[in-house]
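Written out as structure tokens, the structure reads:
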């Protein structure tokens, strides 16, 4: 099966979208960006290939007559178990790397570190139990929070200093993240997951066999995103994320004329024409105030997960007015407000509004919002930011249809994948824009799906 | 003006370098030779008049931008901030103040003399006024201000002209006589003006060569070198006449050979033609130029090369009306033109130079430039139907230059043009 991949190497996360020749999205993958950009791309691509395989498994099941509810239940169960296998696989790597660092002054921590890793392995089934919620799906964050939890327990009992244990993890996780995944990891892990399903139906086993046997052939790739200059791609295979977001948003919502993307360290207001071609854009200057990273700092200051910020802000009944969205002063601003007796949720509500106000200024500068509008980027997943944006858009531009895809974080990668097919088709003389046409045709009618 | 560090130098570049070196050398020796100098600004500079009194011009903002290019402004700005100037003050001012506090050593490494006179031609920049107030405090020297009326209605009227001429007669010339100890000699002024006009003809031919495809020049990054002698201490001199004659013949030769502009990184193969509004980021001048060059972008016209005089719409210094022509010159400087006038000018450039679009570099220091730029952007887009791009930096404060951010915007902008061309079936680089 031939595919094109678009990779969006952002400052916070790296995303990959796999697109079939007819423009169907086959898979999406995401990982945290890391110092090794090549590997971040590979991991995102591997993740996208994994979701592609799960898609193929579901397709096989449907094709062979399984009922839709069975298809859903079986693939979800399988994927949940697969994710646990994946987690355990990375824990093994973590264990090995930690072991390597237990020398010299750290050698005394050996029994404690071994105990932590053992506990992490033992508790894994609970973390991946049906319905369990996890702090993050990135190994770094998930393993980090569990490691810290156990390390703190040990420290509290006087077993070892928390600083020693934390330093070991910090050293090890960098190496773990930069250790390439094994080539056949998917097949091993999906089989292990299947074996762990005591009552795996024969149909599912056959579907897994057929799906893993499909040869996935990468025909072309385009890279984009903040780190695109460092992608292992030739210059002609690199596109600005502004163009990719424009095209991606157009593919998701063809009537879109304005796109607001709030990413990790920049905010972009983009105007596109009826073909998804960018006509003008504005982005924040060198200061990342009010971008996604700002929320990241706030979350760290509050010891919350990034995805917990929005829901907490939404419980506010009285928004605090925040003037500065300076990332550097975020912590100071927050502590000052807290010391004045403001509630966390009220401060957070004000922070979200402040971020969106900054984006509104860029929107105005880019030409305003005249027709259908799409909100993309990681911050579009934050319900409090979305609510603030809805209010302010209505206030400034009246009733405008606002689109948010649940996959909005992949908008740039989708645009890149579409460019990849276009570029390939231009190069090889195939009919241009077939992929886009399909993507447009399969786009949702309406769109308030966040 | 600037000292290019190009991979390949034309004869005119060497000539300009010699002219600059001679001028600064002469300034550094005034304490021995007894020559007098006059500090003044580029927009509205009355060089021919100063030369008539044998006064040597010193241009503080040129010193500041030179300091920026030589990587000195970080320390100068820090010194000025230590003296109490806030981060929001124009970085040219702080660079100058810092340079003075650090010994007033100019761009060639020689000490600049203290001013014998401060001549402020006020052409739309209020900061210039404050800047000279600071210098007056520092040097306790005489100061004179020529108030140049703003082209608020978009045109120069006879009464505006008379207002300037009266000031020249009643205020400026008397103080020049006093400081120099020489009588005003109008015939001598006329001789300077004849040479100015000759050089201006050649400069305009050079700037307009960019209408050719491919353009033999870059009219922004290269342009700042070309305007150097004209905008600074040399207008009206024989050196300037010869410089522009030589430059013009070099450029015409390049044009005849179908060559593109020379940059410090080599010759650019023209893929995109753009008009640029706003001053360059001097601290990262080469880096910024390279960003354009890497994309195959050639600047075919720029407004910045009109801050020290606008010649390409027909104005020439006219020896027949020496004071009136100085008045018209001052009022025609780019910073003295109102917003609709700037929109007209940029739109005209976009059309006449067949540009793919236009880019605005909005500098944090200069509100005279940046106020209204977003309106200009929208308006020019509307009129020409060609896209505007927007980058942000500063004149000489390196803290405001984010290479990654600017590169991202420039690449996005040029890819946007390429995408538009692809949509309309025009190949990139097609003429």
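Chains as they are written, first to last, in our numbering: chain V, 1 to 450; chain X, 1 to 431. Every residue gets a Cβ at the ideal spot worked out from N, C-alpha and C, and that includes glycine.
{"Query": "Where residue 392 of chain X falls: helix, strand or coil (DSSP)", "Result": "strand"}
{"Query": "Contacts that residue 416 of chain X makes with chain V (C-beta to C-beta distance below 7 Å)", "Result": "243, 278"}
{"Query": "Residue range of the unbroken beta strand (DSSP E) whose run includes residue 297 of chain X", "Result": "297-302"}
{"Query": "Spatial distance of residue 381 of chain V from residue 71 of chain V (CA atoms)", "Result": "27 Å"}
{"Query": "DSSP beta-bridge partners of residue 269 of chain V", "Result": "V:260, V:282"}
{"Query": "Within-8 Å CB hit, residue 261 of chain V to chain X", "Result": "no"}
{"Query": "Cutoff 8 Å: residue 11 of chain X Cβ touching any chain V Cβ", "Result": "no"}
{"Query": "Sub-8 Å separation of residue 454 of chain V and residue 268 of chain V beta-carbons", "Result": "Residue coverage of chain V in this structure runs from 1 to 450, which leaves residue 454 of chain V outside it and unanswerable."}
{"Query": "Within-8 Å CB hit, residue 423 of chain X to chain V", "Result": "yes"}
{"Query": "Cutoff 8 Å; reference residue 301 of chain V; Cβ partners in own chain excluding five residues on either side", "Result": "330, 331, 334, 335"}
{"Query": "Contact set between the stretch 207-239 of chain V and chain X, restricted to residues whose Cβ is under 7 Å from the partner", "Result": "239"}
{"Query": "Enclosing alpha helix (DSSP H) for residue 308 of chain V [first to last residue]", "Result": "306-314"}
{"Query": "Residue 165 of chain V versus residue 109 of chain V - alpha carbon distance", "Result": "7 Å"}
{"Query": "Cross-chain neighbours of residue 419 of chain X in chain V, by beta carbon under 8 Å", "Result": "243, 277, 278"}
{"Query": "Cα-Cα separation, residue 74 of chain V to residue 200 of chain V", "Result": "8 Å"}
{"Query": "Min CB distance residue 329 of chain V to chain X below 8 Å", "Result": "no"}
{"Query": "Same chain, Cβ closer than 7 Å to residue 100 of chain V, five either side skipped, listed in chain order", "Result": "none"}
{"Query": "Neighbourhood of residue 82 of chain V by C-beta distance below 7 Å, restricted to the same chain and skipping five residues each side", "Result": "189, 190, 193"}
{"Query": "Cβ separation of residue 274 of chain X and residue 356 of chain X, assumed to be a contact under 8 Å, to the nearest whole Å", "Result": "6 Å"}
{"Query": "Proximity below 8 Å, CB of residue 197 of chain X to CB of residue 321 of chain X", "Result": "no"}
{"Query": "One or two residues paired with residue 184 of chain V in a DSSP bridge", "Result": "DSSP output for residue 184 of chain V lists no bridge partner at all."}
{"Query": "Of the listed residues X:378, X:331, X:351, X:421, nearest to residue 165 of chain X (C-alpha basis)", "Result": "X:331"}
{"Query": "Under 9 Å by beta carbon: chain V residues contacting residue 381 of chain X", "Result": "279, 280, 367"}
{"Query": "Backbone secondary structure at residue 255 of chain V - three-state DSSP", "Result": "coil"}
{"Query": "Within-8 Å CB hit, residue 222 of chain X to chain V", "Result": "no"}
{"Query": "Residues of the stretch 192-216 of chain X with Cβ closer than 9 Å to any Cβ of chain V, in chain order", "Result": "none"}
{"Query": "Contact belief for residue 146 of chain V with residue 173 of chain V at Cβ below 8 Å, rounded distance in angstroms", "Result": "Wrong, their Cβ atoms sit about 12 Å apart, outside the cutoff."}
{"Query": "CB contact check: residue 392 of chain X to chain V, cutoff 8 Å", "Result": "yes"}
{"Query": "Own chain residues within Cβ distance below 7 Å of residue 106 of chain V, not counting five before or after", "Result": "164, 168"}
{"Query": "Residue 129 of chain X beta carbon less than 8 Å from that of residue 122 of chain X", "Result": "yes"}
{"Query": "Within chain V, the residues that residue 411 of chain X reaches when beta carbons sit closer than 8 Å", "Result": "240"}
{"Query": "Assumed close pair residue 96 of chain X, residue 63 of chain X - CB separation to whole angstroms, cut-off 8 Å", "Result": "6 Å"}
{"Query": "C-beta neighbour in chain V for residue 395 of chain X, strict 8 Å", "Result": "no"}
{"Query": "Three CB pairs or more closer than 8 Å across the stretch 259-268 of chain V and the stretch 350-367 of chain V", "Result": "yes"}
{"Query": "CB contact below 8 Å: residue 387 of chain X versus chain V", "Result": "yes"}
{"Query": "Bounding residues of the alpha helix (DSSP H) (the contiguous stretch that carries residue 222 of chain V)", "Result": "Where residue 222 of chain V is concerned, there is no enclosing alpha helix (DSSP H), although the beta strand (DSSP E) it sits in stretches over 217-224."}
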